[in-house]
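Quick notes on the structure that follows.
There are 2 protein chains.
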Amino acid sequence: MAGPHTLGETERQVVDRVGQLPLDYAAMAVVSNLFRASNAVRNHLERTVLSSQNMSWTAFVVLWVTWIWEPIETRNVALESGISKATLTGVLTTLEKRGWVTREKSETDGRLVLVRMTPAGRELMQALFPEFNLEEQRVVESIDAGTLDTFADLLRAVTASVEPAASSPDEPPSSQDR
Amino acid sequence: MAGPHTLGETERQVVDRVGQLPLDYAAMAVVSNLFRASNAVRNHLERTVLSSQNMSWTAFVVLWVTWIWEPIETRNVALESGISKATLTGVLTTLEKRGWVTREKSETDGRLVLVRMTPAGRELMQALFPEFNLEEQRVVESIDAGTLDTFADLLRAVTASVEPAASSPDEPPSSQDR
DNA sequence: CCGAAGTTGTTCGGGTACGAACAATGTATA
DNA sequence: TATACATTGTTCGTACCCGAACAACTTCGG
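As given, the protein sequences belong to chains A and B, one line each in that order.
The letter at position 11 of the first sequence is residue 456 when you use my numbering, and the numbering goes up by one with no holes.
The letter at position 71 of the second sequence is residue 516 when you use my numbering, and the numbering goes up by one with no holes.
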């Protein structure tokens, strides 16, 4: 959405198409670059780090969430990973098939399913995550270290303005799939 | 990846799992929040604006790129949209099926395919894009107006650090699929 | 207690999403 | 002007990705 063309050039072209409609170009720039950056980073990390394990970005995120919080209920895995519960079902099946996680029905609540790492899954993450973090570092290396926290806060502000409900930590907002 | 848990709480838990390995938590926060924000905004816009046309985010981006730059070669649509050419083939088939764009072989180069809007496609974008931009505005409304440009620049810096090659505008970097 | 209302994970259908392999086409080299 | 080399869009296989509908289960109101 912000490809090889100049900013001004794109804007001029947009004005030509939209006509006199008033547009917020600053907001447009942020949203389009948000996606460009997100896509670029995901694909980069998939190619440099995750491809060695034939793993997708989402699979890695789910594995990471499970690694950090296990045992964890699937609804919370979906919440933490930022994917829908429908998507999670498929991803978990994949991860289970590869022997990295296990599913287990809750004893106290028959509706819930708990996810745990296998030893193989834990070994994998112990080796893979430092490598992943090193590449994360490379992705932001051109940005002044003192600015990184501000950057993260700006991103949190965007997320918050879209997902208003967020009561207290450790107590997810009532019930939404994502 | 940065769900209902506190920042410090997640960090403490990560330390517990990773052990003594040195990690860049600032970089980690930026990358994970980049994806959280990106996902949240995409899903929000799909639900609020795009669902009326039963359109996905990617379909909208492709339609937008075509709208702004038509007639445009498919390789450049993929480049501007930030998706692979393989993905584009499927999306274009969908958009063509719905009567919003057309495919046309280039007369000067038999390998190229040109994409154009149909009148119906143009009408749709003329109505949909202002609505879309209004929602983009809402997504960043909590951010100080003077900071938006800086924000966009930070996002561009991330993209640039991952996709280093970028010669001159109007002249895509030799040949990469995305 | 017992039916209504709510919650949870799965299934289903349609649509992305990628890399690799491919055939068609264009270009460069000798 | 052949013959290698490069480029382009499509196809293929596999893996997401979501909303809607669903069955299993829990909880709440009377």
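Beta carbons: idealized from backbone N, C-alpha and C, even for Gly.
The Cβ atoms of B/L559 and B/E586 lie no closer than 8 Å to each other. When the alpha-carbon of A/L569 is set against those of A/T538, A/E552, A/L524, A/V546, the nearest one is in A/V546. Using a Cβ-Cβ distance cut-off of 8 Å, the stretch 478-494 of chain B and the stretch 469-486 of chain A are in contact, since at least three pairs of beta carbons, one from each stretch, lie closer than that value. Relative to B/P467, the option among A/N578, A/T592, A/V494 whose CA is nearest is A/N578. In this structure, the beta-carbon distance from A/A565 to A/G535 does not fall below 8 Å. With a 10 Å radius around the Cβ and a threshold of 16 neighbouring Cβ atoms, A/A605 comes out exposed.
Closer than 8 Å to the CB of A/R556 there is not a single CB belonging to chain B. Using beta-carbon distances, B/R462 counts as an interface residue toward chain A, with a partner under 8 Å.
Contact check for B/L599 against A/I588 passes: the beta carbons are separated by less than 8 Å. For A/E576, the enclosing alpha helix (DSSP H) stretches over residues 564-584. Rounded to the nearest whole angstrom, the C-alpha separation of B/R583 and B/D554 is 44 Å.
Along the stretch 566-581 of chain B, going in chain order, the ones with a CB nearer than 7 Å to a CB of chain A are F574, P575, N578, E581.
Looking at the DSSP output, B/R561 sits in a beta bridge with B/T547. In this structure, the straight-line span from the alpha carbon of A/S529 to that of B/E552 is close to 45 Å. Around the beta carbon of B/S497, fewer than 16 other beta carbons sit within 10 angstroms, so the residue counts as exposed. When the alpha-carbon of B/P575 is set against those of A/R601, A/M473, A/L533, the nearest one is in A/M473.
Spatial neighbours of B/R520 in its own chain (CB-CB distance under 7 Å, excluding positions within 5 residues in sequence) are listed in chain order as K530. The alpha-carbon of A/V463 is positioned some 10 Å away from that of B/W512. Annotation: the continuous alpha helix (DSSP H) that includes B/T511 extends over 502-514.
By the C-beta density criterion, B/T538 is exposed, having fewer than 16 other C-beta atoms within 10 angstroms.
A/E491 has no beta-bridge partner at all, per DSSP.
B/I517 has B/V560 as its beta-bridge partners, per DSSP. Within a 10 Å sphere around the beta-carbon of A/A572 sit fewer than 16 other beta-carbons, which makes this residue exposed. The Cβ-Cβ distance between A/L533 and A/V522 falls below 8 Å. Looking at the backbone, the Cα of B/R567 and that of A/D461 are separated by about 13 Å. The criterion of a C-beta distance shorter than 8 Å is satisfied by A/E456 and A/Y470. Taken in chain order, the members of the stretch 490-520 of chain A whose beta-carbon sits within less than 9 Å of a beta-carbon on chain B are L490, W502, V506, W509, V510, W512, I513, W514.
Between B/E515 and B/R556, the gap from beta carbon to beta carbon reaches 8 Å or more.
A/F505 and A/A590 have their alpha carbons spaced roughly 26 Å apart. The three-state secondary structure of B/N499, taken from DSSP, is coil.
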